[in-house]
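Comments concern the structure below.
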Amino acid sequence: MAHRSYKSKSPKKTVLSTNKTFTGTEQFVTFWGVRGTIPTPEQNRLKYGGNTPCIEILNISSQKHNSLIFDAGTGIIKCCENALLRGDRVFHLFFSHMHYDHIIGLTKFLPFFRKDCKIHIYGQAKFSKTLKEIIQHFFIAPFFPVEFYQLPALNNIYFHELNGLSQIDIDGIHINIQPLNHPQEALAFRIWSLDKRTSVVYATDHEHGSNLDIELEKFIKETDIFIYDSTFSESNYKNHIGWGHSTAKEGATLAKNANVKNYIIFHHDPSSTDTYLEEKILYEAKKIFDQSYLATEYQSINVSELHTLLTPK
Ligand SMILES: [Zn+2]
Ligand SMILES: [Zn+2]
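Residue numbers (the UniProt record's numbering): 1 to 313.
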């Protein structure tokens, strides 16, 4: 296997570097963008990051590696640079939904501008538009100088509509799908490792308080990494009821009830400074569930290694 070194181009943080020999299979999750709503390049928000949602799940076996990308927020820019450097030429890009913070990086997804890349796009058809029509709308004058039909990768772009599906398999990777409570609906994904030993749940954007909470609790049961829309503190949420987002307290409660191993606070509110995230949001989560962590841009987690560490022999 040619691609065993995974490094960020970012000068300040290393994503991960794995030069060891792999035995069996391993699953990694990398956070390329963790901020909700709008990018926040302000100095006092950079510890946890200012790019909007994009995470990557990498499954590695001794024969191959498989990378799945979730959402095309501004985080996808570094994500695809890294993947191209690694030698990836086939891309699987999933959309939780199409709100701007989750698609704003799409026109900077470099594989679109190369003839040697194959791109599979997964998401919902909505409002009487096919998934292809929705994506095409982002490459249109006067918003972008290159129209969709002019993209060099045009003949290698494949669309996969997820409407009504509860699961999908990609090269042996099993993915469960669950609707979320969000204006115009979003989808959550549970991504399993190749050997089905570990899993990661990506569940954003979602507001608690509907019947879907029970479904979500079942959906995340005993997962290793539970990434959840934790936009608000308890006090902030009171002013944003009905906006389609949740709190760290709700995330921690779900994590505890579903017996997940690690809860990752995600989709940070643009107004949350690093200090606010640590002293308010994380504090409110940890009161309920100790294995709560703030999603941090460019951070990678080796899920398989974590699973082995946490599972009693
Ligand atoms: Zn969002
Ligand atoms: Zn949204």
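Virtual Cβ for every residue (Gly too), placed ideally from N, Cα, C.
Can you tell which of the options has its C-alpha closest to the C-alpha of residue i?
i           : options                            : result
Phe-94      : Lys-129, Gly-36, Phe-159           : Phe-159
Lys-64      : Phe-127, Asn-155, Lys-286, Glu-26  : Glu-26
residue 316 : Ser-166, Cys-117, Lys-108          : With the chain running from 1 to 313 in the structure shown, residue 316 is simply not present.
Lys-218     : Pro-179, Tyr-276, Ala-258, Asp-169 : Ala-258
Thr-74      : Ile-55, Ala-83, Ile-104            : Ile-104
Ala-186     : Tyr-48, Ala-295, Asn-163, His-174  : Asn-163
Asn-156     : Ile-168, Ile-121, Pro-179          : Ile-121
Leu-212     : His-182, Ile-76, Arg-197           : His-182
Leu-216     : Asn-176, Gly-242, Gln-184          : Asn-176
Pro-39      : His-102, His-208, Ile-265, Glu-56  : His-102
His-97      : His-206, Asn-262, Gln-291, Gln-299 : His-206
Asp-290     : His-267, Glu-278, Asp-274, Ala-252 : Ala-252
Asn-44      : Tyr-100, Lys-249, Thr-273, Ile-220 : Thr-273
Asp-224     : Gly-172, Glu-250, Leu-310          : Leu-310
Phe-127     : Gln-184, Gly-242, Asn-262, Ala-248 : Gln-184
Gly-87      : Cys-117, Ile-77, Thr-52            : Cys-117
Ile-60      : Lys-78, Val-29, Arg-89             : Val-29
Asp-171     : Val-90, Phe-31, Asn-262, Pro-41    : Val-90
Ala-125     : Phe-138, Glu-161, Val-260, Asn-51  : Glu-161
Ile-55      : Tyr-276, Asn-262, His-92           : His-92
Gly-242     : Tyr-228, Val-260, Leu-254, His-208 : His-208
Ile-76      : Leu-180, Ser-62, Pro-53            : Pro-53
Asn-51      : Ser-62, Leu-58, Lys-78             : Lys-78
Ser-292     : Lys-221, Ile-265, Tyr-276          : Ile-265
Tyr-276     : Gln-299, Leu-165, Ala-248, Gly-123 : Ala-248
Ala-72      : Ser-62, Tyr-100, Tyr-228, Leu-58   : Tyr-100
Leu-180     : Val-260, Tyr-228, Lys-221, Lys-129 : Tyr-228
Gln-299     : Ile-57, Lys-129, Lys-261           : Ile-57
Ile-168     : Phe-148, Gly-123, Tyr-149          : Gly-123
Val-260     : Lys-221, Ile-173, Leu-165          : Lys-221
Are there any heavy atoms of ligand 2 lying less than 6 Å away from the beta-carbon of residue i, as far as the coordinates show?
i       : result
Asp-269 : no
Asp-71  : no
His-240 : no
His-206 : no
His-307 : no
Just to check my reading of the structure: residue i and residue j have Cβ atoms closer than 8 Å, yes? What is that Cβ distance to the nearest angstrom?
i       : j       : result
Phe-226 : Val-201 : 5 Å
His-307 : Thr-198 : 5 Å
Ser-230 : Ser-210 : With 8 Å as the limit, Ser-230 and Ser-210 do not qualify as a contact, their Cβ atoms being about 17 Å apart.
Leu-110 : Cys-80  : 5 Å
Asp-269 : Gly-36  : 6 Å
Phe-113 : Leu-151 : 7 Å
Lys-256 : Ile-288 : 6 Å
Tyr-48  : Glu-297 : 7 Å
Ala-153 : Lys-196 : So it is not a contact: roughly 32 Å between Cβ atoms.
Phe-139 : Glu-147 : 6 Å
Identify the residues that DSSP records as bridge partners of residue i: which are they?
i       : result
Pro-183 : In DSSP, Pro-183 forms no bridge with anything.
Tyr-158 : His-120
Thr-204 : Beta-bridge pairing links Thr-204 to no other residue.
Tyr-237 : Note: Tyr-237 sits in no beta bridge, so no partner.
Ser-67  : Leu-58
Asn-302 : Phe-28
Lys-129 : Lys-126
Leu-294 : Ile-265
Ser-246 : Note: Ser-246 sits in no beta bridge, so no partner.
Ile-227 : Tyr-202, Ile-264
Leu-309 : Leu-309 pairs with nothing; no bridge assigned.
Val-90  : Lys-118
Gln-167 : Asn-176
Cβ of residue i versus every heavy atom of ligand 1: is any distance shorter than 6 Å?
i      : result
Gly-36 : yes
His-99 : yes
With hydrogens ignored, establish whether the beta-carbon of residue i is closer than 6 Å to any heavy atom of ligand 4.
i      : result
Cys-80 : Ligand 4 is absent from the structure shown, which contains only ligand 1 and ligand 2.
For this session: Could you tell me whether the stretch 233-250 touches the stretch 134-149, using the rule of 3 or more Cβ pairs below 8 Å?
Result: Taking 8 Å as the limit for Cβ pairs, the verdict is that the stretch 134-149 does not touch the stretch 233-250.
Exercise. Is the stretch 177-194 touching the stretch 53-71, taking contact as three or more C-beta pairs under 8 Å?
Worked result: Yes: the two stretches touch, three or more of their Cβ pairs being nearer than 8 Å.
Problem set entry | the stretch 269-287 in contact with the stretch 295-304 per 3-pair CB rule at 8 Å | Short answer: they don't touch.
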